[in-house]
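Residue numbers (the numbering used here), protein chains in the order written: chain H, 673 to 1017; chain W, 673 to 1017; chain V, 673 to 1017; chain R, 673 to 1017.
Number of protein chains: 4
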Amino acid sequence: MTTTPPVRLGLIGAGRIGTYHATTIARRLPEAELVLVADPADGAAARLAEPLGAEATRDSQALIEDPRVEAVAITCASTAHADLVVAAAAAGKAVFVEKPMAMTLADADRAIAACRAAGVPLQVGFNRRFAADFAAARAVVAAGGIGRPQLLRSLTRDPGLADPGGVPPWTIFTQTLIHDFDTLNWFNAGAGAVEVNAMADALVAPDFKHSGLLDTAVVTIRYDNGAIATAEASFSAAYGYDVRGEVFGSAGMVTAGSPAQVTMAHWSREGVWRPTVRADTVLFPDAYAAELASFCAAVRAGSAPEVGGADARAALAVALACIESVQTGGTVAVRDTDRVAGGVA
Amino acid sequence: MTTTPPVRLGLIGAGRIGTYHATTIARRLPEAELVLVADPADGAAARLAEPLGAEATRDSQALIEDPRVEAVAITCASTAHADLVVAAAAAGKAVFVEKPMAMTLADADRAIAACRAAGVPLQVGFNRRFAADFAAARAVVAAGGIGRPQLLRSLTRDPGLADPGGVPPWTIFTQTLIHDFDTLNWFNAGAGAVEVNAMADALVAPDFKHSGLLDTAVVTIRYDNGAIATAEASFSAAYGYDVRGEVFGSAGMVTAGSPAQVTMAHWSREGVWRPTVRADTVLFPDAYAAELASFCAAVRAGSAPEVGGADARAALAVALACIESVQTGGTVAVRDTDRVAGGVA
Amino acid sequence: MTTTPPVRLGLIGAGRIGTYHATTIARRLPEAELVLVADPADGAAARLAEPLGAEATRDSQALIEDPRVEAVAITCASTAHADLVVAAAAAGKAVFVEKPMAMTLADADRAIAACRAAGVPLQVGFNRRFAADFAAARAVVAAGGIGRPQLLRSLTRDPGLADPGGVPPWTIFTQTLIHDFDTLNWFNAGAGAVEVNAMADALVAPDFKHSGLLDTAVVTIRYDNGAIATAEASFSAAYGYDVRGEVFGSAGMVTAGSPAQVTMAHWSREGVWRPTVRADTVLFPDAYAAELASFCAAVRAGSAPEVGGADARAALAVALACIESVQTGGTVAVRDTDRVAGGVA
Amino acid sequence: MTTTPPVRLGLIGAGRIGTYHATTIARRLPEAELVLVADPADGAAARLAEPLGAEATRDSQALIEDPRVEAVAITCASTAHADLVVAAAAAGKAVFVEKPMAMTLADADRAIAACRAAGVPLQVGFNRRFAADFAAARAVVAAGGIGRPQLLRSLTRDPGLADPGGVPPWTIFTQTLIHDFDTLNWFNAGAGAVEVNAMADALVAPDFKHSGLLDTAVVTIRYDNGAIATAEASFSAAYGYDVRGEVFGSAGMVTAGSPAQVTMAHWSREGVWRPTVRADTVLFPDAYAAELASFCAAVRAGSAPEVGGADARAALAVALACIESVQTGGTVAVRDTDRVAGGVA
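Below is the structure:
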């Protein structure tokens, strides 16, 4: 019996999400091997790489070109994502990039085109697709269990807002709700978002609204199959993480996700109590492992990743339309999500 | 269209349960009419009857013989049940009797035989059979949804023990668990209880154990189809009423009942909280109405009530075996539940 | 002890909802007495009134003026509601009117002003306020349990659309979602709706869209306390009735309602299954009784009803803004809900 | 910063559970290193060890004496457990042993005494103590949240019985319910089991009853603090794994565990459906990792493991009393669980 050798990964960006991915790669995934970590900050790459048995560099281009690196995981600041995807593709490396893949549709098109030209697989970090609850819901929808989708809902509520002053404008759309936009697109597969209406405000930290903070948002999306979706986000859920999805259709409904943490219940004079998903927990730890395992499998099989550049572009297009909707106060058309410079990835 | 006239009911016993039944009959059931209430206590019958538009008497035999009374609801002290059933049957009146129908198997046989001889319907107040949750569970079992029953569970936990000194010995078996014994017999329909092991104690009010109080009990029952059942009771659930049932079989399981009261949930920093069924609530109010409606329908149709004398006897036989099990510390055979003096009701 | 005499009610409109209310009044409410039913259709009033021991008339004005009638329940077609409220007020009768109280803000103002001038209590049939789940949720919100409301949701999905051709235009807003608008206003008490965006379509019965049918709708409402609410409706939920509410705030969340019917669960090789709320069920039967009991209590106490004319106007204002939003495709300001001709009821 | 070096483990027994533990050690636990695997079967140790980067041997005593091995994980057949614990202790190695630690109380005492004499830590594989649901429930009990325990329940239902002919007699007590006995002892910490009544049968595979198969059992345990517990097992749950616990006390109740797998629900015309824990799943994967991590931490800290020899002995004593109860048909005293030859471990 021959065993598939692990995919040798280089990881760019040793921040919070990079640390989580690196640890998952090194500790949980026999199908992957962490060989190199790059981060320009003083000692950051080494601090992450060494305990995990990997090497470190400050130079992301060196990492990309290192012959030991088969595939690159891009987990640094979002603004650098698109350029790094293009660079990795140019070096012929498979690419896993955190969401959002790009900050503009032009950059998204550029990244997709580069990977397409190089013939390298490109996967985007929409990990909710790999969460058991959401995947089971999607499977029911895909099997026709709810008929034609008519009403959809996806929401993300994070447990806290540590530094309201440090949140870049539009983060709620480009970083948070982009998960929900992808989930909705995925649940309503085959349909495209047509128009968007967004209402948003700084209700958690109103003192920071003047600096562009929006911490609460509700988005309505109309799809070209008639379905209407709602996406909703808050940066501060007192009871902990809350990520839920719902698809209602002509033959039924699926629901997924719950802020309840375990099955334990405490029944007392006051009623019944259950713990919820705490702020100090990583949400969807198994989904993080599963998305990377799926990426490695696609790399080895030479097959298309389960969630690719076109998905990233489609979610981004909704996020950008939301920003325009907030700016204009009106309903905004979502730009054509099918046209990608140089073709479709 | 001719309308079925309401069944004219006389009710014996104006205590707590009698008051509840009388109010249900007068207020909620178009198919019943409360015509007479009997209670020997000074003014008790009148206090209950008058606001409900019924008449009152101190004399239960007068009520039984009153020509306006078609059917008798016996809701007085359990020790008087069997004699009143016999008397009502002798007067040719249909009988609804609260549980337990009798305190001895001989009395149960006598009551059953009297109703059989008189050709009057006899229904026993096992209201759990008319609770929507439990009826739905039973329907699944009856339809073969769980295959052959193998493990069963029924439990009753009441929300408080107001007067531990006033609880007659063996109440936990003859008054409380008798509901569970009937539920288990009903869930495991067609099978008979073979042997019983009971462990019981005074854990809620240990100071009253010397006076015969048992406030906590666990019973194991082996049935002649091999199934093994557990029944469990406590007189003091801090979180309120808790009545649940479970049937596990070769092809699956049904569960029914929950101490949670409403679907409302409060999610906060402390977790998620839901209210439970409070002590000041009547449990199964709809089941009380449904069992009386079913009784009236059987009276009008001349058909057998849904839960009759043989059911009451079968549950009593288990309760009496439990008492013997506690007394001897061993496993006790349940006396033949099929043999009824004069035949089977 | 003196007993409060029942409130003598006359009911106008013997259709489906009128029949339900009349039966509730006659059968379940000791605090009410059904004395007269009016309906212009041939024999309709008599067919409803007689089995309930009430009298019948074809003439609603005669009912209103009948000296035996203390209070009028208006349960006929919505277009007649406002005029009948005015007429009943002119006769000095207390008024219970089904939703919507009026079809225009001017009519709503007129009805409120008439009751105010006559000094008669006016209650509107928003029965969801009396459903145990929703009332418990509201109580948590009112007690500060979720802090300041930020995101709200209310949805109504009915189990079927029997006659798509017979649904008047805008029904989804004026008849269905008006419940949700009131629920949201009530949950977010003290705040007023500022602007509305509505997306709606005929997804259940697309063939009837040309005749004005809208059977699916999503509404976003911005309130003057910053909170953003979503209301959602469908006329055809395959799994049965689905009415849910959710309020998320600075300190937590409440959720209420579930399409699951009973606690019974069936666990088998296929997974776990529970029944849902069927189409042949009346939703919230206890809430119908509770709202009428509350109305009778207010009549007897001379106090303000729990849900009055201003509430009806506020919900109507949102519904009308939704219609304009669908017509214009944009976000629409909700007209001032505080200004009522002649004052505030 | 100095890092704690991983605990170097040798594992004896390359069967199903050994394979699972070995993989967990090698793949998921940075605090452990798998250095050696022993199994007498032809090639078995090598097949497991090699892909995990460990060495293999057929000789368990060689493994125990190997100087690279700091701690021994005993995962072979139960009948060999006690002797291997004694041998590992004699070699001064820390011991992790799967349940049951021994098959007789004498062997249990011998194993405990050997570890005590050698001063080595001894942990037993009661992994349910490390399952999040159960640990949360226990924490509530330990914090006094339910007052004094009065009624307890623990059940284990496995999803299938592949080879009824290959099940050794009494397996249901010594291998399956021993988990529940430990859970109950742990929930009711500080109390000792006094007497036991067991009813058991071959209901899943009645044709194998003659060979000693018992596949269905219900056990009642009375504790010296008055509490009464029920333990229940079946070898064939159609709906998948079902492991639940419940502790009811003077101030409330905790419940833990559910056969429902994910939060996903599918609502359709037939009702609401959720998937359950499938037969092809490893139950409690995180608990397997957590118990080994806890063992490694105890080894490094030189502290007592969270679940030790005395716990193993106490659960075994209940299992052995159950066997006697089945044999005699009566209630059986549990032998003193405190007296351990040579002291208490």
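Virtual Cβ for every residue (Gly too), placed ideally from N, Cα, C.
Predicted, not measured: the structure shown is a model, and the values here were computed from it.
According to DSSP, V/Ile844 shares a beta bridge with no other residue. By the Cβ-count criterion, W/His938 is buried, with 16 or more other Cβ atoms from all chains shown falling within 10 Å of its own Cβ.
The Cβ neighbour count for W/Gly974, taken over all protein chains shown within 10 Å, is under 16; the residue is labelled exposed. V/Ala721 has a beta carbon lying at 7 angstroms or more from every beta carbon in chain W. According to DSSP, residue pairing for V/His938 in a beta bridge involves W/Val926 and V/Trp945. Closest in alpha carbon position to R/Leu701, among H/Ala704, H/Glu703 and H/Thr695, is H/Thr695. Checking the DSSP bridge columns, you'll see R/Glu727 partnered with R/Leu708.
Counting along the chain, no alpha helix (DSSP H) covers H/Val767; the unbroken beta strand (DSSP E) around it starts and ends at Ala766 to Val769.
What R/Ala932 touches in chain V, judged by beta-carbon distance under 7 angstroms, is Val944, going in chain order. Annotation: R/Ile818 is outside any alpha helix (DSSP H) and is labelled neither H nor E by DSSP. In this structure, H/Ala761 places its C-beta atom within 7 angstroms of the C-beta atom of H/Ala786. The closest CA to that of R/Arg800, considering only R/Gly898, R/Ala698 and R/Tyr960, is found on R/Tyr960.
Identification of chain V residues near H/Asn869 by a Cβ-Cβ cut-off of 8 angstroms yields Asn869, Met871, Thr892 and Thr1003, ordered along the chain.
Any Cβ of chain V closer than 7 angstroms to the Cβ of H/Thr729 would place that residue at the interface, and such an atom is absent. Bounds of the beta strand (DSSP E) holding V/Val919 are Asp914 to Gly921. Exposure of R/Val954 is indicated by the presence of fewer than 16 other C-beta atoms within 10 angstroms of its C-beta. Sequence-distant partners of H/Asp983 (beyond 5 residues in either direction) whose C-beta falls short of 8 angstroms from its own C-beta, in its chain, are Val796, Phe798, Asp854, Asn857 and Trp858. The residue from H/Asp731, H/Ala932, H/Ala804 and H/Ala923 with its alpha-carbon nearest to that of H/Ala759 is H/Asp731. H/Arg829 is bridged by DSSP to H/Ser906 and H/Asp914. In summary, W/Ala861 is exposed, with fewer than 16 beta-carbon neighbours lying within 10 Å of its beta-carbon over all protein chains present.
Neighbours of R/Gly929 in chain H, taken as residues whose beta carbon is under 8 angstroms from its own, are Thr935 in chain order. Note that the C-beta distance between V/Ser750 and V/Val868 is not below 7 angstroms. Non-local C-beta neighbours of V/Pro831 in its own chain, meaning closer than 6 angstroms and more than five positions away in sequence, comprise Ala909, Gly912, Tyr913 and Ala951, ordered along the chain.
Per DSSP, W/Asp854 has no beta bridge partner at all.
Between R/Ala809 and R/Val926, the C-beta gap is smaller than 7 angstroms, which places the two residues in contact. Neighbours of R/Ala923 in chain W, taken as residues at a C-beta separation under 7 angstroms, are given in chain order as Ala910.
H/Glu703 sits in coil when the DSSP states are folded into three classes, being neither helix nor strand.
Between the region 873 to 886 of chain R and the region 826 to 840 of chain R, the count of Cβ pairs shorter than 8 angstroms is three or higher; the stretches touch. Residue pairing by DSSP puts V/Ala889 in a beta bridge opposite V/Ala872 and V/Ala905. The continuous beta strand (DSSP E) containing R/Val744 extends over residues Ala743 to Ile746. In this structure, the beta-carbon distance from V/Met871 to H/Ile900 falls below 7 angstroms.
In chain order, Gln822, Leu823 and Phe920 make up the part of chain V whose C-beta sits under 8 angstroms from the C-beta of H/Ser906. Taking a beta-carbon distance threshold of 7 angstroms, R/Asp805 counts as an interface residue toward chain H. A residue is called buried when at least 16 other Cβ atoms come within 10 angstroms of its Cβ; H/Gly817 meets this threshold and is buried. For H/Ala808, the residues of chain R that pass the 7 angstroms Cβ criterion are Val934, Met936 and Pro947, in the order they occur in the chain. In this structure, the beta-carbon distance from H/Gln822 to V/Thr935 does not fall below 7 angstroms.
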